[in-house]
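Novice:
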Amino acid sequence: MPRIRAAYHDPDGTRYGIPTYWWRGAPHGYATRRQLTAAGLRPGGQPVAAQVLWRGVGGTRAAYLYRVDLARPKRTATPAQRAAIGKALTARRTCRICRQVRPYYIPRSLGECLACAFPQEDAA
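Going letter by letter, the sequence shown gives residues 8 to 131 in my numbering.
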């Protein structure tokens, strides 16, 4: 295990071009995109500040790190944008044949709700 950590330890960036740390070895003040999102932040246009390398399935894996002090708050949707998203999602659930709003998204392969695509045969 120490050999793997030593291979990926390059805090100056001389070997890999940017500061590189091993898995769980990055100093405080850096975060991945997911960690920024969980904290309600976004990179905000800043370049990648460092990376974490580890040996994984298929070879060497990488996670890019951003500086937390340069991160900006996440943008929130305006009321008009939220209304447009709501209308779009309702349109995905509306059948174009019977015009009923279904509790599921209409399959694009069928182009209509399941009731219209597979009508029940009346057994009389």
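Where is the CB? At the ideal position from N, CA and C, for every residue including glycine.
Here the structure is a predicted model, which is why all the values come from computation and not from measurement.
Can we say the region 95–102 touches the region 59–69, given the rule of at least three CB pairs closer than 8 angstroms?
Specialist: Because the criterion of three Cβ pairs below 8 angstroms is not met, the region 95–102 and the region 59–69 do not touch.
Novice: Within 10 angstroms of the Cβ of D129, are there 16 or more other Cβ atoms? Answer buried if so, exposed if not.
Specialist: In the sequence shown, counting from the first residue as 1, residue 129 sits at position 122. Low confidence applies here, because D129 scores a pLDDT of 47, under 50, leaving its location unreliable and the question unanswered by this model.
Novice: Report the option in W30, C120, R109, T21 whose CA atom is closest to the CA atom of W61.
Specialist: For the purposes of this step, residue 61 is taken as residue 54 along the sequence shown, with counting starting at 1. W61 has its Cα closest to that of W30, out of W30, C120, R109, T21.
Novice: In this structure, does DSSP put P80 in helix, strand or coil?
Specialist: Reading the sequence shown from its first residue, position 73 is the one you call residue 80. Three-state DSSP puts P80 in a strand.
Novice: Quick check on the DSSP output: the beta strand (DSSP E) that includes R99 runs from which residue to which?
Specialist: Within the sequence shown, the letter at position 92 stands for residue 99. Per DSSP, R99 belongs to no beta strand (DSSP E); it is in the alpha helix (DSSP H), 86–100.
Novice: Since L60 is in the beta strand (DSSP E), which residue starts that stretch and which ends it?
Specialist: Against the sequence shown, residue 60 aligns to sequence position 53. It spans 57–63 - the beta strand (DSSP E) in which L60 sits, taken as one unbroken run.
Novice: Taking a contact to mean a Cβ-Cβ separation below 7 angstroms, would you say L77 touches A33 in this structure?
Specialist: Position 70 of the sequence shown, counted from the first residue, corresponds to residue 77. Position 26 of the sequence shown, counted from the first residue, corresponds to residue 33. Not a contact, by the Cβ cut-off of 7 angstroms.
Novice: Alpha carbon to alpha carbon, how far is L117 from A5? Give it in angstroms, no decimals.
Specialist: Residue numbering for the chain in the displayed model covers 8 to 131; residue 5 lies beyond these limits and cannot be assessed.
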